[in-house]
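Q: Have a look at this one before I ask anything.
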Amino acid sequence: MKKLVALFLALSMLLSLTAMAGAESDGRVHITFWYAHTGDEALVFENAIATYNASQDKVFVEGVSTTDTQKLIVAMGSDEAPDVISASNQQMIQYMANGLLDVAQDYSDKDGFDLSVYSEKSIEASSVGGRLVGLPIEAYSIQMFYNKDLLEAAGYSEPPTTVEQMYEMAVAVTKLDENGNIDVLGYPLFPYASARQELIYAFGGRWWDEDSNLTPQNEGVLASLNMNVKYRQLYGMEAVDAFVSTANTNRYTEQDMFFAGKQLFRLDGSWLPTMMANYGSTVNYGITFIPGTEEHPEYRGSSRYETTCICMPSMGRNKEAAWDFTKWMGTEGARIENLGTGNLPALKALYEDPEILAMPGYAEFIEALKLEKGVQYPVMDDFGEYVSMINNALDEVYAGVKTPEQAMADLAEQSAGLN
Amino acid sequence: MRQPPTSMSALEKRSFRNGLLFAMPWIIGFLAFSVYPLCASFYYSFTKFNAVTTPEWIGLSNYEGLLKDPLVLKSLGNTLFMALVSMPVNLCVALMLASIVVRNFRGRAVARTFFFLPSIIPMVAATMVWIWMFDPTYGYINNVLRMIGIRGPNWLIDARYTKWALVLMGSWTTGTTMLVCMAALQDVPVSYYESAQIDGANAVQRFFHITVPCIAHVLVYQAILSFINSFQYFQQVYIIVTANSGTKMGASLGGPQNSIMMYPLYIFHNAFTYLKMGKASAMAWILFVIVALLTVVLTTVSRKVNENAGVE
Amino acid sequence: MARQRQMTAYRTRQLIFRILFAILVVLLCVIFLAPFMVMITTSFKTNRDAFTLPVQLLPREWVFENYPKAFETIPYFRYMANTAFITFFSVLGQLLVTPLVAYSLSKIRWRGSKVISGLIMATMMIPISVTMVPMYRIYSKLHLVNTYIPLILPAYFGKAFYIIIYRQFFTGVPNSLMEAAWIDGANELQRYAYIALPISKPALTTIGIYAFLDAWSDYLMPLIYINKSDRNTLSLGLQQYISEHTVDWSRLMAAATIFVVPVVIVFVIFQRNFVQGIATSGLKA
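Residue numbers (the numbering used here), protein chains in the order written: chain A, 1 to 419; chain B, 1001 to 1312; chain C, 2001 to 2285.
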């Protein structure tokens, strides 16, 4: 026992000494920048940060990659708050409601920084109460990716323009193996997030209206869910769930179902082509607008419109340095970021940038942006809870526990008390 | 009897001083880490605040809000499920393993090591491996089931099975209970079994008439401990849900249909995701009252059991 | 003759029983080891291999690149050092304080020891969730978030479960041992240090082990208090790994393996202490 204690003591002292070392100071103001991108995309951010640091003799930025929003929120409320963060406009609304962020426009007004370098749409999306909260570095919307070979094999030469056609093609392409497991999934039920949004928007469905009233019983929502359930019942709820579950397990890896040619339609973002190129996927794919309905062709091309912004937590301590970096990251850094990750720019100047124009899938996405059919998030305090309730209601519909009508009526009742 | 050197009252005084001094660390800790937070939490439960703002008195609104939130009841139900199903399952598994390793056979030490090993590895690593094993298509569990002709369920995505998946995971880490049971079994006098055998009792009868009563007090104590622990059930579900939902808020925070939304997890999300610290405090207090009541009931029952078993 | 037949029948039954028993034991061992096997073999597969049907336990092609990659993605030794630091000071605290309090409750006769014992039992019922928010507020106000103090400090004030185990041990030690020394004029502290503490070595080992396991794999507290990546613990580090939206499962299994291996090594070396310590703990309460 003594030996054990001694050994352990010696070892941990040694280890903890190494843990203590490492903090350097070189006279520059150290600030921390938390961003939510990971993996290869995190490298892009680190690259941008290094570029900034190299150009600086006053400020030194330390980048931290974390996807854990709880951690971010907790950190922002503590005295060791990050000085600068990246956040989606959806998160920004929640953070603003809790007083966690400074308003970037206050700084840009003082500094004489011209906000008109950003596209109007991105400014609109990144503002709360008419004031720009963070500098948008990327915009994203969702488009429909389709596997050309699978579609052609089923005898279709063109991608669908209406959800009715989409359903027909999905059924024609869906393939089962001898055990009744789904081998190729036709209907775009994965990823979860776009099944909740774009697959609803395509039917004209909305979870909220323009005045931020909640509208779960909207006709389009019900139409979309009914078609969803029809597809699930055709192949068996459990078989579909099994496929989606596995698709979720290996999402955005080399074995991603779409990259591996096992998904016909995929509603996803502009980063997908860059990822596929990086993984060397050989899938022959096309990109097209998200379909509308036969009755309402004008729904075609609807998608969420989201931005990622650089913002400054109100509890951060080095405001001056933080604003300097925010400004840089919102302009020069944004270009590095857009090029590296394949995300769409919010800076107007970059729409003409030859290098950006050459990114895979870029043309299609810009075209979609021009349609101006982006759906924006509502301004409400309890948005996170509403999303959680929606997800729960969708789970119930997918599992066949409730009919769409029932589930949405219950959702309307539950969400009535939200602010 | 030896006579103490000083008068009784002086001795008493000194003992009191010594006793208090020795227990002082705990008393301070009790005030700082239990009494204060309990009171503060009680106060917070009547206020509205997030991590940054100062608490603002809103009376009973938080408690009223809990009544209207169906997820509060649902998460409580899920937690009770784990307490009532997982606890007996774990006890049975532990008792079974213990009655194996208490026997003398070659390889006994090895078997004991294998049974105990899962209990010491960090929960995060273990949970990841289970997520991988539960995959409906590529996971080992369903592939083994397929070999014997059973079509396995979608463990972590089908709300009917998610909790059972957790029960299965839990029964894998019963090593500590197993060791305690093993020690208890070793203490059962061999003579009891011998005389029972002479009376012609078979193995099953011996188990229920000798083994169980003899170790009842240990079982009850373990049951109470694991029951209380069920109300802290958090880590595994948090990890499973984070792994499933990814970054884009794709899935429910409590698993499919919130079927594994545990009460502590919902408190955590209210406090640190929705920043409703007041509501979280109200929920926490309700939990505290429930656990306290249940513990009193259980301890009373266990005292009865011990009396019946003839153990003091 | 009849007696002999009876004997053989008995022997056969015994043999059958032993065979069935052996099968049961082997089967259970396989079940309990299966997750470890899955973890280790998957870590030597390519990700493509892991997602190929039919599923095979052994890799179709052994690859070792997952390990260097896992070490590259996670600052493993840094996290290990952090975890060791926290664990060391937590265990130290528990070892210092638990025997003191337990001694007070079982070997000093004083008014109040009953009350304290009752309160200690009662604190076991307080769920962490109740104290989480107020404690977080305090530490935040004291500027202690992102330090290890919130994780270590409570250990220096005793934990109910450990104190109860320890008190149970002391109760079993005859008072005559203590009284002999008291007659020699030793004071309470000396009696504690020279007699009680050395006697209670087995209990000390037990709570040391419990405290080690608890601190080493603690998750909720670091999750709340630590949010700087270079201060992560092992558990948090691994969690962070999976929360990234590109999860390469074979690499993840390699990461999990290197997290598990040190614990398993420690366990195998000190198995006897682990087993005896835990076996004696929950008994008499």
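The C-beta atom is built at its ideal place from N, Cα and C for all residues, glycine as well.
Candidates B/T1295, B/T1174, B/V1212 and B/R1146: which alpha carbon is nearest B/A1313's?
A: Outside the displayed range of chain B (1001 to 1312) lies residue 1313 of chain B, so it cannot be described from this structure.
Q: I think C/S2217 touches B/P1256, with their Cβ atoms under 8 Å apart; what is that distance to the nearest whole Å?
A: Rounded, the Cβ-Cβ distance is 27 Å, inconsistent with contact.
Q: Do B/W1155 and B/F1134 have their beta-carbon atoms positioned less than 8 Å apart in this structure?
A: Cβ distance < 8 Å, so B/F1134 and B/W1155 count as in contact.
Q: Between the alpha carbons of A/W271 and A/E62, how many angstroms are there, rounded?
A: Approximately 25 Å between the Cα atoms of the pair.
Q: Quick check on B/R1303 - is its C-beta less than 8 Å from some C-beta in chain C?
A: Not closer than 8 Å to any Cβ of chain C, the Cβ of B/R1303 fails to qualify, so no.
Q: My guess is that B/A1098 and B/M1178 are in contact by the Cβ rule of under 8 Å, so how many angstroms apart are they, rounded?
A: Confirmed, Cβ separation roughly 5 Å.
Q: Would you please verify whether the beta carbon of C/V2097 is less than 8 Å from any beta carbon of chain B?
A: With 8 Å as the cut-off, C/V2097 counts as an interface residue toward chain B.
Q: Could you name the residues that DSSP lists as bridge partners for A/W271?
A: In DSSP, A/W271 forms no bridge with anything.
Q: Going by DSSP, name the residue or residues bridged to A/G220.
A: Answer is none; A/G220 lacks a bridge partner.
Q: For C/A2203, which residues in the same chain have their Cβ closer than 7 Å to its Cβ, ignoring the five residues on either side in sequence?
A: Cβ within range, chain order: I2165, Y2166 and F2169.
Q: In chain C, what lies closer than 7 Å to A/A75 by C-beta?
A: Result: N2227.
Q: Using a Cβ-Cβ cut-off of less than 9 Å, give me the residues of the segment 2187–2208 of chain C that come near chain B, in sequence order.
A: Cβ contacts with chain B come from N2187, E2188, L2189 and Y2192.
Q: Does DSSP classify B/T1137 as helix, strand or coil?
A: Three-state DSSP puts B/T1137 in coil, outside helix and strand.
Q: Rounded to the nearest angstrom, what separates C/A2122 and C/A2160 at their Cα positions?
A: If I take the Cα positions, the gap works out to 9 Å.
Q: So, with DSSP's three-state summary, where would you put C/I2232?
A: In the sequence under discussion, the amino acid at residue 2232 of chain C is Asn, which differs from the Ile named in the question. Looking at C/N2232 - three-state DSSP - the assignment turns out to be coil, as it is neither helix nor strand.
Q: Looking at the structure shown, is C/R2011 part of a helix, part of a strand, or coil, going by DSSP?
A: It is helical.
Q: For chain B, find out if any of its Cβ atoms is closer than 8 Å to the Cβ of A/E396; answer yes or no.
A: Closer than 8 Å: yes.
Q: On the three-state DSSP scale, how would you describe B/Q1257?
A: B/Q1257 falls in the helix class under three-state DSSP.
Q: Nearest-angstrom Cα distance between C/T2012 and B/C1214?
A: Going by the C-alpha atoms only, they are around 31 Å apart.
Q: Closest Cβ-Cβ distance between A/I78 and chain C: below 8 Å?
A: Residue 78 of chain A is actually Ser in this sequence, not Ile. Interface residue, yes.
Q: Does the CB of B/T1113 have a neighbour CB from chain A at under 8 Å?
A: No - not a single Cβ of chain A is within 8 Å of the one on B/T1113.
Q: Please name the residue, chosen from A/G77, A/T331, A/G99 and A/N248, that lies closest to A/P188 on a Cα-to-Cα basis.
A: Closest by alpha carbon: A/N248.
Q: In chain order, which beta strand (DSSP E) runs of at least 3 residues are fully inside the segment 2115–2154 of chain C?
A: The qualifying runs do not exist here; there are none.
Q: Quick one, are the C-beta atoms of A/E164 and A/E294 less than 8 Å apart?
A: Going by C-beta atoms, A/E164 is nearer than 8 Å to A/E294.
Q: Quick one: measure Cβ to Cβ for B/S1034 and C/V2133, integer angstroms, because I've assumed they're closer than 8 Å.
A: Not really, about 14 Å apart at Cβ, beyond 8 Å.
Q: With 7 Å as the C-beta to C-beta threshold (strictly closer), list the residues of the segment 1273–1284 of chain B near chain A in chain order.
A: Flagged, chain order: T1273, Y1274 and L1275.
Q: Can you tell which of B/M1147, B/W1130 and B/M1262 has its C-alpha closest to the C-alpha of B/L1168?
A: Among B/M1147, B/W1130 and B/M1262, the Cα nearest to that of B/L1168 is on B/W1130.
Q: Is B/R1002 close to chain A? Criterion is C-beta to C-beta, closer than 8 Å.
A: Caution applies to B/R1002, whose pLDDT of 48 falls short of 50 and renders its modelled position unreliable; the model cannot decide the point.
Q: Select from the segment 246–271 of chain A all residues with a C-beta closer than 8 Å to any C-beta belonging to chain E, and list them in chain order.
A: Considering every chain present, this structure includes no chain E. Its protein chains are A, B and C.
Q: If we require 4 or more residues per run, which alpha helix (DSSP H) segments fall completely within the segment 164–246 of chain A?
A: You should have 192–196, 198–201 and 219–235.
Q: Taking A/S65 as the reference, give the member of A/N53, A/Q56, A/V44 and A/Y167 with the closest Cα.
A: Out of A/N53, A/Q56, A/V44 and A/Y167, A/V44 has the C-alpha closest to the C-alpha of A/S65.
Q: Closest to B/Y1221 by CA distance: which of B/F1081, B/D1069 and B/R1303 is it?
A: Closest by alpha carbon: B/R1303.
Q: List the residues of chain B whose Cβ lies closer than 7 Å to the Cβ of C/L2213, in chain order.
A: Under the 7 Å cutoff, chain B gives I1120.
Q: Would a C-beta distance cut-off of 8 Å place C/I2195 and C/Y2076 closer than the cut-off?
A: Not closer than 8 Å, so no.
Q: Taking C-beta pairs closer than 8 Å, name the residues in chain B that C/F2170 reaches, listed in chain order.
A: The premise fails here: C/F2170 is roughly 12 Å from chain B at the closest Cβ pair, so nothing lies under 8 Å.
Q: By Cβ distance below 6 Å, which residues in the same chain neighbour A/Y95 in space, the five residues on each side in sequence not counted?
A: Once the five neighbours on either side are set aside, the close Cβ partners of A/Y95 are L101.
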